[in-house]
Structures are given as C-alpha cells and as structure tokens.
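Here the protein sequences line up with chains A and B, keeping their order.
Using my numbering, the letters of the first sequence map in sequence onto residues 5 to 260.
Using my numbering, the letters of the second sequence map in sequence onto residues 26 to 360.
Each residue gets a CB set at the ideal place from its N, CA and C atoms; glycine is no exception.
What follows is a set of notes on a single structure, which appears directly below.
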Amino acid sequence: MANFLETIYTVWLRETIRFLKSKSRIVGSGGQPFIWLAIAGVGFSSAFVLSGGVSYLTFMAPGIIGMTLLFSSIFSGVNVIWDRQFGFLKEMLIAPVSRVGIVLGKIAGSATVSLITAVVILVVEVIFNILPFSDLSVIGLMEAVAFMLLIPCAFVSIGLIIASTVDNVEGFQVIINFLVMPLFFLSGALFPLTNAPEWMKFVSAIDPLRYGVDGMRGALIGVSAYPVYMDLLVVLASAVVLVLIADFAFNRIEGK
Amino acid sequence: MEDFTGKYSIIANALSRRFGNFTAVDKVSFKVKEGEIFGLLGPNGAGKTTTISMLSTIIGITSGSATINGKDVGKEKDAVRKLIGIVFQDPSLDDELTGMENLDFHARLYGVKGKEKKDAIAKVLKLVELEDKANKQVKTYSGGMKRRLEIARGFIHNPKVLFLDEPTIGLDPQTRRKIWDYVQKLNKETKLTIMLTTHYIEEADELCSRVAIIDHGRIIKLDTPERLKDSLGGDIIRIGSDAPGRLAELIRKGKFTVSVKERGDSIEVTTKNGSEAIPKIIGIAQKAGIEVAYTTLKRPTLEDVFISLTGKEIREEGASDTDQLKRNFRFRGRR
Ligand SMILES: Nc1ncnc2c1ncn2[C@@H]1O[C@H](COP(=O)(O)OP(=O)(O)OP(=O)(O)O)[C@@H](O)[C@H]1O
Ligand SMILES: [Mg+2]
C-alpha cells in the first residue's frame, strides 16, 4: 500500500500527465488571460482614473493573474465528474489509500497547473512592461508565488465540493458559472471597489479572491488595501477550511 | 452443505442493499472457500454487480454483514481493499493515459515499486498480449483491448481475493478462452480465491467450482455445476409432434422418465438415459399413429437449471448484446 505522500504524488502525476497531453487545455488556459488583458485593459483604461500614479493596466495585471488562478482551478473540479463518468473514479476509490491523499493529490495537480499558467502570465506581463520591473522585489515575488499556490487550493476545493454533490457535467457548470462571476467581479481584479456600494463591499469581504488579488497587488506593485501578510493569512485560512470541506465531501462519494 | 474444514475467504451473511425502495440484493448468504472459483450466475439486473460492489467496499451495505479473509467489509474497509483485486463490469480506465500509465498508476497506489513493479507490469502485459500497445493512449484501443488491459490491471498487486465482474464480456472467443485459461492457472498456482459474475453459461460451467444462481436479488440455488445439472434428473429430450398432448400422456404411462412437460407443439422429456429413451418414445408414437417430426437430445446445461428454477431464460445472447450497447454508449458518452 502506498503511503500518504506517494498517494498524493501518484494522483498529482496523473493530473499533470493529462494536462500536458491536452493541447487545447494548455492553449485555452494560457490564452484566455491575454485576451482579457488586451480587451478589458485597453477598453477600460480610459474609464478609470486611478490615484497614486498607477496606470490602469498595471493595476489590472495582478488581477488578471488572480482571474487565471480562479478560472483554471475552480473549473478543474469537472475532472472528478469526468472521472466518475469514465469509471476511473472507482479505480481510485477502491485503492487501499487514504482519501485525503487522493483529494490532496487532485488539489495539488490542479494547483500546479494553475500556478504554472500564472507564472507564465506574470513573466509576460513583466516582459511587456505592464508590471514594471522596477517595482519587483525578491520578497514580493515570493509572496506572489505563495498566493499563486494558496488561491488555487481554495478554489480547486470549491470545485471538488460541487463535483462531489453533482453527478453531471451540465449541473456542475451551471453552479460554477453562477459562483465564478461574483467571485471574479467582486474580487476587485478588474476595478477598485473603493467607490462600490456598501452591499457590494460586504459581499466582496467574504470573497477569498479579493484578499488574493489585493495581496498580489501589494506584493507586485506595492499598492494594497490591507497589509500583504494579512491577505496571506486570510487566503491561507480559507484554503485550509475549503480543503477540509472538500475532503469531507469527497469522502461521502460512493463508488457507483 | 458438505463438510469443509478449511478456511473461508468470503463470508456473506444476509447481505442486503436497497436503492430507495427497491431491494437490489435481498438477504444473500454464502461462503466462498479459500482457493476456489466461485460464480454468481444470473440474468441482467439480478444483483450480481451490487453484491460484488458491497463485498469490495465500493458501495455501502444496507443490512447484513460480510467478511473477506476475516476482515469486515463495512468496518475494515482499508484492510479489505488491501486484500482484493477487482475487474469492474463497466469501463474504468483513463483513456487519455497510455496503457502503461494506467498500470503504473495502479501499481503505485498499491505500493508496488521499483523492479517488482516493472516485472509485474511486464508480466500482465504479456498475459493479455498488449506489450506492443502499452505506450499508446487507451483511447486508441479497441473495446476488447481495453477489457484485456483492465483484467491485467486487476492482477498487478497480487491480490488474495479477486473479483471479476463479467470478465469476458465483449471479448472474442479466442481471447475469452485465453482469459479462462489464465484465470484457472492463476487460481491453481497461487491458490487465489476468485469470485466472478457472469451470464455466460459456459463461463460458469467451465471455470467455477461452485455456482450460485441469483435472480431478483436472491440466491435460489448454490452447488457445483455438476450437481446443479444432475439435480434436473438426467438428459433432456425434445420431441416435435403433431399431437403433443396425447403423446406426452402416453410417454408418462411408460414410466421410464423423470418428467414430461409440454412446451407448445413440442414435448420436453427428462430421463436418466436419453439415448435409450428415444427409440422407446418413437415406438410408442408409432404404435399410437402419432407422427414424430424431430427429436433432440442434450445433456442439461446450467441454462436448463436456471429455466427449471425460474421458468425463464438467462437470455445469454440478448443480454450480451445490450451489455455491449451499454459499454459502447458509455464510451461515446465521454468527452
Ligand atoms: N445506483 C443504483 N440506483 C438505483 N438502482 C440501482 C443502482 N444500481 C443498481 N440498481 C438496480 O439494482 C438491480 C441490480 O443491479 P445489478 O447491477 O447488481 O445487476 P446485475 O446482476 O449486475 O446485472 P447485469 O447482468 O446487467 O450486470 C437492478 O435492477 C438495477 O436497476
Ligand atoms: Mg452487473
């Protein structure tokens, strides 16, 4: 019987192999953020005037990274549903290994994919000077990478929770689409929430991505609403809670 | 039950499973001896897969209990999972991965490592003759190749008890024969206990040391294939004639038969010695001026046992067709 780490590694390995084999997923997850950056950045930049001399594109750059992390991770829960329809889920559930290991392996697999995509986007943003090189620091980059790891852990978990309770792809997509838009728009990834109505600010306060985006802004361009370590703690706490709930939900799945 | 002092690998005790209000498996009890090949034979929907799913910890038990080598399937799931291997009825491969990657995944999860892993994978690939396909993506395999790969996977980690749910469904006769040979060899050489479900009569007859006949979630008879067939009382003769009712009456009077049944315009006679009975029957018919259109003689099969117990056929051919459809549909349903 495989030990805990081997289980995580085995499940992670499979997720990664699958991703690398799927060219459409690679192109899709890498291409989408740039389209947003191009359209939204150019389109909105005239609509917002930001204080502090930060250009709108620069303001948006960490937001786009946050968006990529959100989209690529939360939708990856669909893999569990495919696994169930393919029957492969049974192969995993019947193995004499800890289910936590399987859940963590799945989360690690999707999070790796999200992290890699996010790093690619970060590099491109720096190359095109959307993120000014002069603003970057080693500490800042390390903080950003920490967010890039923790944010997917939170959202892959949400995807897993939904996938454990819904057994068809359509249902999953409906629910996720319903969740993903508010999570995205209320995160402050695209526009600052300083002038938003109170109710919106309130809802936004329970959106983990808000702290993720804010933290990455602090880490990468030195502008943030809260101290970076606070953001990091909030994201860490939400990731831990969501991983635990995902584990609970996954444990209730029967193999049939 | 005969005297048996050895160990039991599987003990099921009034095992039941309900889905909503529907009882799929209804207080099933049986014991599988260590090292035997035990068969569950029954038509579609009889509850075979549900029984195996409970024994292999895939689904929960509604009531009753079961143990595998003494480990409780409800309470000691991990211990049970370590002991067993299973080949599911429905496809359970990752189509995007290669055959090798599928086997590697399985080996890793079961803690088979290093050289042991390499050897085990090479061995099972050779068995199912997929060596040259091993590095191709599974989605490029034919249905039969996928089945062979799944069977190979079930053996990798040297289980103590192996569950085979309709192992040879959708395979051509040669491959089926090969799998049977291997299952028998494995069973003999390693004393592996095997429980298989099937609705192929020959599969149950050829492979199993004992067969439980299951219908509507209940085991209606359990014995060796030989004794099940003997229980019918001998050979079965079918006689076509223009006056089946009258002829049946006359044969009954002859008192050399175990049973005489009318089935439409033919008669079914069960008797100890079929080849001697046919001339007698023809003699009786001639004397009475009844025309005999044909006679057939056969040794009873497990199908006949099933018919005599339930009044219906297992419908081997039709069943395998729908199963094939089901599999194809599932293959297509992905993506
Ligand atoms: N998840 C489920 N929910 C509801 N009913 C189910 C479920 N699984 C099985 N059943 C029902 O339980 C009964 C037994 O099913 P099972 O799959 O065990 O049959 P089987 O003997 O394996 O048949 P087959 O030869 O077709 O594989 C069937 O009537 C089936 O419809
Ligand atoms: Mg079945």
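Residue i, enclosing alpha helix (DSSP H) - first and last residue
{"i": "Thr3(A)", "result": "For chain A, the structure presents residues 5 to 260; residue 3(A) sits outside this window and is missing."}
{"i": "Ile146(B)", "result": "Gly139 to Leu152"}
{"i": "Gly169(B)", "result": "Gly168 to Phe180"}
{"i": "Phe130(B)", "result": "Gly124 to Leu134"}
{"i": "Gly91(A)", "result": "Counting along the chain, Gly91(A) falls outside any alpha helix (DSSP H), and DSSP gives it neither H nor E."}
{"i": "Tyr230(A)", "result": "It is not in any alpha helix (DSSP H) - Tyr230(A) carries neither H nor E in the DSSP assignment."}
{"i": "Val186(B)", "result": "Careful: Val186(B) lies outside any alpha helix (DSSP H), inside the beta strand (DSSP E) at Val186 to Asp190."}
{"i": "Phe63(A)", "result": "Tyr60 to Ile78"}
{"i": "Gln209(B)", "result": "Pro198 to Thr215"}
{"i": "Thr11(A)", "result": "Phe8 to Lys25"}
{"i": "Val98(B)", "result": "Counting along the chain, Val98(B) falls outside any alpha helix (DSSP H), and DSSP gives it neither H nor E."}
{"i": "Ser208(A)", "result": "Glu202 to Ala209"}
Under 7 Å between C-beta atoms of residue i and residue j
{"i": "Leu154(A)", "j": "Val239(A)", "result": "yes"}
{"i": "Leu232(B)", "j": "Ile109(B)", "result": "no"}
{"i": "Phe151(A)", "j": "Gly226(A)", "result": "no"}
{"i": "Val53(B)", "j": "Leu40(B)", "result": "yes"}
{"i": "Arg263(B)", "j": "Thr223(B)", "result": "no"}
{"i": "Gly192(A)", "j": "Val232(A)", "result": "no"}
{"i": "Ile1(A)", "j": "Leu108(A)", "result": "The structure shown does not extend to residue 1(A), since chain A is modelled only from 5 to 260, so the question has no answer here."}
{"i": "Gly105(A)", "j": "Phe8(A)", "result": "yes"}
{"i": "Lys58(B)", "j": "Ile36(B)", "result": "no"}
{"i": "Leu253(B)", "j": "Val330(B)", "result": "yes"}
{"i": "Ile78(A)", "j": "Ile165(A)", "result": "no"}
{"i": "Phe196(B)", "j": "Gly169(B)", "result": "Reading off the sequence, residue 196(B) comes out as Leu, not Phe. Yes. Within cutoff."}
{"i": "Ser161(A)", "j": "Ala250(A)", "result": "yes"}
{"i": "Thr326(B)", "j": "Ile176(B)", "result": "no"}
{"i": "Gly259(B)", "j": "Lys286(B)", "result": "no"}
{"i": "Lys96(B)", "j": "Thr82(B)", "result": "no"}
{"i": "Gly242(B)", "j": "Ala49(B)", "result": "yes"}
{"i": "Ser182(B)", "j": "Val137(B)", "result": "The question names Ser, yet the displayed sequence has His at residue 182(B). Result yes, Cβ atoms of His182(B) and Val137(B) sit closer than 7 Å."}
{"i": "Pro156(A)", "j": "Leu41(A)", "result": "no"}
{"i": "Asp255(B)", "j": "Ala71(B)", "result": "no"}
{"i": "Val186(B)", "j": "Thr218(B)", "result": "yes"}
{"i": "Asp211(A)", "j": "Leu187(A)", "result": "yes"}
{"i": "Lys161(B)", "j": "Thr200(B)", "result": "no"}
{"i": "Gly113(A)", "j": "Glu19(A)", "result": "yes"}
{"i": "Ile146(B)", "j": "Leu174(B)", "result": "no"}
{"i": "Asn46(B)", "j": "Ser90(B)", "result": "no"}
{"i": "Lys143(B)", "j": "Ala132(B)", "result": "no"}
Proximity to residue i [Cα-Cα], best of the options
{"i": "Val130(A)", "options": "Ser242(A), Met64(A) and Ala253(A)", "result": "Met64(A)"}
{"i": "Tyr33(B)", "options": "Val50(B), Asp51(B) and Gly60(B)", "result": "Gly60(B)"}
{"i": "Tyr230(A)", "options": "Leu246(A), Ala209(A) and Val247(A)", "result": "Ala209(A)"}
{"i": "Asp230(B)", "options": "Gly195(B), Arg324(B), Gly336(B) and Lys305(B)", "result": "Arg324(B)"}
{"i": "Phe281(B)", "options": "Leu272(B), Ala302(B) and Ile261(B)", "result": "Ala302(B)"}
{"i": "Gly144(A)", "options": "Gly47(A), Phe38(A) and Leu126(A)", "result": "Leu126(A)"}
{"i": "Ser76(A)", "options": "Ser141(A), Phe132(A), Ser102(A) and Gly35(A)", "result": "Gly35(A)"}
{"i": "Ile204(B)", "options": "Ala159(B), Glu191(B) and Ala318(B)", "result": "Glu191(B)"}
{"i": "Gly81(A)", "options": "Leu140(A), Gly175(A) and Val58(A)", "result": "Gly175(A)"}
{"i": "Ile339(B)", "options": "Gly31(B), Gly67(B) and Val50(B)", "result": "Gly67(B)"}
{"i": "Met348(A)", "options": "Phe92(A), Leu224(A) and Glu95(A)", "result": "For residue 348(A) there is no data in the structure shown, the boundaries of chain A being 5 and 260."}
{"i": "Leu134(B)", "options": "Thr198(A), Lys110(A) and Met96(A)", "result": "Met96(A)"}
{"i": "Thr193(B)", "options": "Val98(B), Gly89(B), Ser88(B) and Val112(B)", "result": "Val112(B)"}
{"i": "Lys337(B)", "options": "Ile238(B), Ser234(B), Ala273(B) and Pro250(B)", "result": "Ile238(B)"}
{"i": "Val84(A)", "options": "Leu237(A), Leu246(A), Thr169(A) and Ile39(A)", "result": "Thr169(A)"}
{"i": "Gly85(B)", "options": "Glu126(B), Phe47(B) and Arg42(B)", "result": "Arg42(B)"}
Residue span of the beta strand (DSSP E) that contains residue i, given as start and end
{"i": "Val57(B)", "result": "Phe47 to Lys58"}
{"i": "Ser81(B)", "result": "Run containing Ser81(B): none; DSSP gives neither H nor E here."}
{"i": "Leu64(B)", "result": "Reading the sequence as shown, one finds Gly at residue 64(B) and not Leu. Segment Ile62 to Leu66, the beta strand (DSSP E) holding Gly64(B)."}
{"i": "Ile35(B)", "result": "Tyr33 to Phe44"}
{"i": "Val112(B)", "result": "Ile109 to Val112"}
{"i": "Gly89(B)", "result": "Ser88 to Ile93"}
Residue i Cβ short of 6 Å to ligand 3 heavy atom set
{"i": "Thr193(B)", "result": "You won't find ligand 3 in this model; what it holds is ligand 1 and ligand 2."}
Q. Do three or more CB pairs link the segment 116-123 of chain B to the segment 66-83 of chain B at distances below 8 Å?
A. no
**Q.** Segment contact flag, the segment 118-125 of chain A with the segment 67-83 of chain A, C-beta cutoff 8 Å, min 3 pairs
**A.** yes
Q: Could you tell me whether the segment 287-295 of chain B touches the segment 254-273 of chain B, where touching means 3 or more Cβ pairs closer than 8 Å?
A: yes
Q. What are the complete beta strand (DSSP E) segments, minimum 3 residues, inside the segment 218-293 of chain B?
A. 218-223, 235-240, 243-248, 260-266 and 284-288
Q: Could you tell me which uninterrupted alpha helix (DSSP H) segments, each at least 4 residues in length, are contained entirely in the segment 307-338 of chain B, listed from first to last along the chain?
A: 327-335
Q: Kindly provide the ranges of any alpha helix (DSSP H) runs that are 4 or more residues long and lie completely inside the segment 105-186 of chain A, ordered along the chain.
A: 142-169
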